[in-house]
Amino acid sequence: MKRRVAILISGRGSNMAALIHAASQPDFPAEVAIVISNRADAAGLQKAQESGVAIEIIESKPFGKDRAGFEARLQQSLDARGIEIICLAGFMRLFTAEFVQRWYGRMLNIHPSLLPSFPGLDPHGQALRAGVKLSGATVHFVIPETDAGPIVMQGAVVVRDDDTPDTLSTRILGVEHRIYPEALKLLAKGLVRLEGDLCRTSSVEQGDHALIWPVVR
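In structure tokens, the structure reads:
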């Protein structure tokens with residue numbers, strides 16, 4: 019039985035599209051049951067419809083600062099569709115601790131840095147200003163603290179001397195599209211477990227691969 023997934027978006031939905039594509043494969047252990055946006059003008063809504071996925075708009079603006087009210091309405095929709103896993107894909111609204119706790123261990127997010135480095139806004143600019151040689155993307159479980167939940171999967175790219183936030187973002191986005199579906203697959207197949215603040219995986223390759231940059235010739 020495939021796990022039922024809701025993807026929450028606020029914008030273009032590029033990671034949403036990667037998840038939908040992966041879930042369309044017959045052997046993928048999850049199905050995207052609904053894409054929900056808190057903005058009616060989110061470009062990802064059209065992409066979801068074109069992929070044959072149901073959409074719903076729950077505007078957050080009318081709720082103002084009433085986060086609990088918005089979440090109650092969202093929870094109604096999730097319950098009605100039997101959702102088991104939430105994937106945040108550019109969803110630009112903070113949740114209350116109560117909502118996060120309800121979905122603890124079942125709500126994923128992706129962030130374009132190698133957490134715990136460079137959480138929050140402008141992670142690419144943060145990476146360039148710090149002069150790091152590797153950056154990347156992280157899929158993690160959502161907890162009340164921003165970009166701080168147990169890490170499920172990461173992917174890295176080299177940071178070039180001539181990189182700008184835009185060029186680095188473009189390369190990292192390619193990594194995001196690869197690791198988010200893989201992380202969802204692990205969760206849907208029951209291959210991850212939480213041990214305190216850490217996420218452990220089972221039945222996966224325990225490699226010793228190394229990415230070193232720069233390379234001395």
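Take 19 as the starting number for the sequence shown in the working numbering and just add one per residue.
Even for Gly, the Cβ is constructed at its ideal location relative to N, Cα and C.
When the distance is taken between beta carbons, is residue j closer than 8 Å to residue i?
i       : j       : result
Gln-67  : Ile-73  : yes
Ala-48  : Ala-41  : yes
Gly-100 : Arg-22  : yes
His-129 : Pro-141 : yes
Leu-204 : Val-160 : no
Gly-138 : Gly-154 : no
Ala-61  : Gly-31  : yes
Pro-199 : Leu-37  : yes
Quick check on residue i: buried or exposed, where buried means 16 or more other Cβ atoms within 10 Å of its Cβ?
i       : result
Pro-232 : exposed
Leu-229 : exposed
Lys-65  : buried
Met-19  : exposed
Ser-220 : exposed
Thr-156 : buried
Glu-163 : exposed
Val-193 : buried
Leu-112 : exposed
The beta strand (DSSP E) spanning residue i covers which residue range?
i       : result
Thr-219 : 216 to 219
Ser-135 : No beta strand (DSSP E) contains Ser-135, which DSSP labels as neither H nor E.
Asn-56  : Taken as a continuous stretch (DSSP letters only), Asn-56 belongs to no beta strand (DSSP E), as it is neither H nor E.
Ile-73  : 73 to 75
Just to confirm the assignment, what range does the alpha helix (DSSP H) spanning residue i have?
i       : result
Val-193 : 183 to 206
Gln-64  : 62 to 68
Arg-147 : 141 to 148
His-39  : 32 to 41
Which residues does DSSP pair with residue i in a beta bridge?
i       : result
Gly-210 : Gly is not the amino acid found at residue 210; the sequence shown has Val there. Answer is Thr-219.
Arg-21  : Ala-48
Thr-156 : His-129 and Gln-172
Residue ranges of each beta strand (DSSP E) run of no fewer than 3 residues wholly in the stretch 84 to 119, ordered along the chain?
Whole beta strand (DSSP E) segments, 3+ residues: 103 to 106.
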